[in-house]
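Engineer:
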Amino acid sequence: MDFSNMSLEQFNNQFTTENSCVDYLFSVRWPQGFVCPRCSHRHAYVTSTRRLPLYECCYCRFQVSLISGTVMEGSRTELRKWMLTFFLLARQEKGTTAVELSKIIQVTYKTAWSILHKIRSMIHISNNQIPLTGSISINSAVYGRPFNPSVHKHPREHLLLIAASPNHTEETTTFLKIKHVIPHNPTSRHITRSEIINFQTQHIDSSAQNISITTGLYTPKRLRPLLSITKQASQWINTTFHGLGATHLQLYLEEFILRFSLFSKNISLFPRLVKLCFSIYP
Ligand SMILES: [Zn+2]
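Be aware that the sequence shown starts at 0, since it is given in numbering that gives the first Met the number 0, and climbs by one per residue.
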């Protein structure tokens, strides 16, 4: 199924019932048929009397529901609404917001926000699993107030470090990191050497070579080519969410990274989001 060009109506026609979502999610979780998470046995008894089917391994009796261990675990929101959330998030133009989502899937703002927060947290974990390799450029950037004549950081200005591996291949979707740097001194507009080293340690593989670092508040923008990407990130955040504060900025940057990485390679985001659900949520 190609979801990338589907309209909302077409998507709704595809998933009209909870059962249609169960079938789709089962095929994502167990593409070769059921596998017991504990003993790898291939057969299960299915209890269908509950809201969602429960699978009990025929060999070791381990019980697993379709959504246990996923971002949806513990949620009382219907699967259709979760699927619709993935669909709305995967739209190329802008994604979705908690306000819009709450209206479309008819849940409270709090529930919509919580669903999106869980998905973004999952994207964050996934993005951090693989460090960058190859030759790498690192630049400094700022999100927030575009102009500030003072040497001190404006409270709405947020320092960023961005790294990219420009010679990535078609297959690698991990070629970009953007991290919100919170300086020790809250009024400082400088990213220190130790903050850059910290960033490298966490996000760049030790085998990486030719690491070019161009940061610094007064370094001309033309020497920091990755600013064009942080500019796109800022525009997307400002257009979709009308600006953000510091608290959750990193999670929205992670969503941008996933969107940017996949869309620049013409990869559909919807199946990736659903698959992420079943692969890494702690
Ligand atoms: Zn088992």
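Using N, Cα and C, we set each Cβ at its ideal position, and we do this for glycine too.
Should Tyr44 be listed as close to ligand 3, given that the test is whether its C-beta is under 7 Å from any heavy atom?
Structural biologist: Among the ligands present in this structure, namely ligand 1, ligand 3 is not found.
Engineer: If contacts are defined as beta-carbon pairs under 8 Å, then Ser267 and Phe2 qualify, I think. What distance do you get, rounded to the angstrom?
Structural biologist: Right, their Cβ atoms sit about 6 Å apart.
Engineer: Inspect the CB distances between the region 106-118 and the region 151-168 and report whether three or more fall short of 8 Å.
Structural biologist: no
Engineer: If I measure Cβ to Cβ from Ile190 and keep anything under 6 Å in the same chain, skipping five residues before and after, which residues do I get?
Structural biologist: Ser139, Leu158, Val180, Thr214
Engineer: Where the beta carbon is closer than 5 Å to any heavy atom of ligand 1, which residues qualify, in chain order?
Structural biologist: Cys35, Arg37, Cys38, His40, Cys56, Tyr58, Cys59, Phe61
Engineer: From Leu51, Gly242, Leu87, Asn127, pick the residue whose C-alpha is nearest to that of Arg75; which is it?
Structural biologist: Leu51
Engineer: What residues in its chain sit with their C-beta under 8 Å from that of Trp29, if we drop five residues either side in the sequence?
Structural biologist: none
Engineer: Determine the direct distance from the alpha carbon of Phe14 to that of Ile103, and round the result to whole angstroms.
Structural biologist: 15 Å
Engineer: Is Pro130 closer than 8 Å to Asp204 when the C-beta atoms are compared?
Structural biologist: yes
Engineer: Here's a check: name, in chain order, each residue in its chain whose Cβ is nearer than 8 Å to the Cβ of Lys274, leaving out the five neighbours to either side.
Structural biologist: Val27
Engineer: Check whether the Cβ atoms of Leu78 and Glu17 lie closer than 8 Å to each other.
Structural biologist: yes
Engineer: For Leu7, is the classification buried or exposed, using 16 other Cβ atoms within 10 angstroms of its Cβ as the cut-off for buried?
Structural biologist: Taking every protein chain shown into account, the CB of Leu7 has fewer than 16 other CB atoms within 10 angstroms, so this residue is exposed.
Engineer: Could you tell me whether the region 118-132 touches the region 248-258, where touching means 3 or more Cβ pairs closer than 8 Å?
Structural biologist: yes
Engineer: Return the chain-ordered list of same chain residues with a C-beta closer than 7 Å to the C-beta of Met5, the five sequence neighbours on each side being excluded.
Structural biologist: none
Engineer: Between which residues of its own chain and Trp81 is the CB-CB distance below 6 Å, once the five residues before and five after are set aside?
Structural biologist: Met71
Engineer: Rounding to the nearest angstrom, what Cα-Cα distance links Arg221 and His116 in this structure?
Structural biologist: 35 Å
Engineer: In chain order, what residues of the same chain have a beta carbon less than 8 Å from the beta carbon of Ser263, not counting five sequence neighbours either side?
Structural biologist: none
Engineer: Hey, could you find the ends of the alpha helix (DSSP H) Leu222 is sitting in?
Structural biologist: Secondary structure note for Leu222: it is in no alpha helix (DSSP H), with a DSSP letter that is neither H nor E.
Engineer: Measuring only the C-alpha atoms, how far is Arg258 from Gln91?
Structural biologist: 8 Å
Engineer: Taking only the alpha-carbon atoms, compute the straight-line gap between Asn11 and Leu83 and give it to the nearest angstrom.
Structural biologist: 8 Å
Engineer: Rounded to a whole number of angstroms, what is the C-alpha to C-alpha distance between Tyr285 and Phe85?
Structural biologist: An answer regarding residue 285 cannot be provided, because it is not within the stretch 0 to 281 covered by the chain.
Engineer: Does the distance from the CB of Ser212 to the CB of Ile137 come in under 8 Å?
Structural biologist: Reading off the sequence shown, one finds Ile at residue 212, where the question assumed Ser. A distance below 8 Å separates the beta carbons of Ile212 and Ile137.
Engineer: Report buried or exposed for Arg41, applying the criterion of at least 16 other Cβ atoms within 10 angstroms of its Cβ.
Structural biologist: exposed
Engineer: Which residue comes first and which comes last in the alpha helix (DSSP H) that contains Ala232?
Structural biologist: Note, Ala232: alpha helix (DSSP H), 226-240.
Engineer: Just tell me which of Leu175, Thr96, Pro270 has its CA closest to the CA of Gly242.
Structural biologist: The residue from Leu175, Thr96, Pro270 with its alpha-carbon nearest to that of Gly242 is Thr96.
Engineer: Does the distance from the C-beta atom of Thr132 to that of Ser101 stay below 8 Å?
Structural biologist: no
Engineer: Would you tell me roughly how many angstroms separate the C-alpha atoms of Ala245 and Thr69, rounded to the nearest one?
Structural biologist: 27 Å
Engineer: Out of Lys93, Ser125, Gln201, Asn209, which has the shortest C-alpha to C-alpha gap to Ile236?
Structural biologist: Lys93
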